[in-house]
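Positions 0 to 219 (numbering that gives the first Met the number 0) are the ones given, in order, by the sequence shown.
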Amino acid sequence: MSQENPIRILIADDHPVVMAGLAAILEIDPEANITVVGQANNGRKVVEMFAQLQPDVALIDLRIPEMDGVEAIKAIRKQFPHARLIVLTTYDSDEDIYRGLQAGAKSYLLKDVPREELLNCIQTVHSGQSFIPPEVGAKLAERMKSPELSKREREVLELMATGKSNLEIAAALHISESTIKTHINNILNKLNVSDRTQAVITALKRGMVSLPRSKRCHFH
0 MSQENPIRIL
10 IADDHPVVMA
20 GLAAILEIDP
30 EANITVVGQA
40 NNGRKVVEMF
50 AQLQPDVALI
60 DLRIPEMDGV
70 EAIKAIRKQF
80 PHARLIVLTT
90 YDSDEDIYRG
100 LQAGAKSYLL
110 KDVPREELLN
120 CIQTVHSGQS
130 FIPPEVGAKL
140 AERMKSPELS
150 KREREVLELM
160 ATGKSNLEIA
170 AALHISESTI
180 KTHINNILNK
190 LNVSDRTQAV
200 ITALKRGMVS
210 LPRSKRCHFH
């Protein structure tokens, strides 16, 4: 076993089974020299626990309650600018990747990653470097080519995705219908699509918006 201090890991995920499995995978091999010092099931808790425990590396899921992974990463980085954070998620849309890395994560991994790659990533990030798998890098490069939507355009797009008309969007945002039309034209140009439906499909596919829970399919 390595004589060096173990790498102290904090995990943030809202699925207890996933967290327990991850902890077991990380700690099973003494040679990896990793110890899990904390587990958080929501964004606020991971920010608090990071401040208390000051782990070497944190693994953070994107879709966690109370404060999503991106906001949690930003909050941690604000307090600890050199924090070594890894996004570990099931989502691989180019927008999610872009937001996670832009917020300050050093790596972006999917949960189906082989154990060896996860350990390699933790070691690399712990040493102060970034770890970007090729497929993630390709999606990030694609996203970097796309023009940035403004905050207002994002709000309009979110409301378009819920099926609201121009008039309803204007009422919701307290601006004129003609201004909404201008925003929609800008959105269509930036997404390189010709109509609202394509804009919503593209935005959903790229992870720029998500449908409200009531609109999703539920399986029991």
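Ideal placement from N, C-alpha and C gives every residue a C-beta, glycine not left out. Quantities reported herein were computed from a predicted structural model and do not represent experimental measurements.
Asked	Found
Which residues in the same chain as I6 place their Cβ atom closer than 7 Å to its Cβ, once the five residues preceding and following it in sequence are excluded?	N32, I33, D55, V56, I121 and H125
Could you give the first and the last residue of the continuous alpha helix (DSSP H) run that contains S177?	E176 to L190
In terms of DSSP beta bridges, what is V86 paired with?	I59 and Y107
Apply the 10 Å Cβ neighbour rule to H81 and answer buried if 16 or more other Cβ atoms are within range, or exposed otherwise.	exposed
Can you tell me which of the three DSSP states R205 falls into?	coil
Should the segment 132-152 be called in touch with the segment 177-190, which here means at least 3 C-beta pairs below 8 Å?	yes
Could you tell me which residues DSSP pairs with L9 in its beta bridges?	G37 and A57
Please name the residue or residues paired with F130 in a DSSP beta bridge.	S106
Could you tell me whether any non-hydrogen atom of the ligand NAD is closer than 7 Å to the CB of E141?	No copy of the ligand NAD occurs in the structure displayed, which carries no ligand at all.
Going by C-alpha distance, which of L100, I186 and L117 is nearest L25?	L117
What is the rounded straight-line gap between the Cα of E65 and the Cα of A39?	12 Å
Identify whether I121 lies in helix, strand or coil by the three-state DSSP scheme.	helix
For the alpha helix (DSSP H) containing I75, name the first residue and the last one.	G68 to Q78
Within 10 angstroms of the Cβ of L166, are there 16 or more other Cβ atoms? Answer buried if so, exposed if not.	exposed
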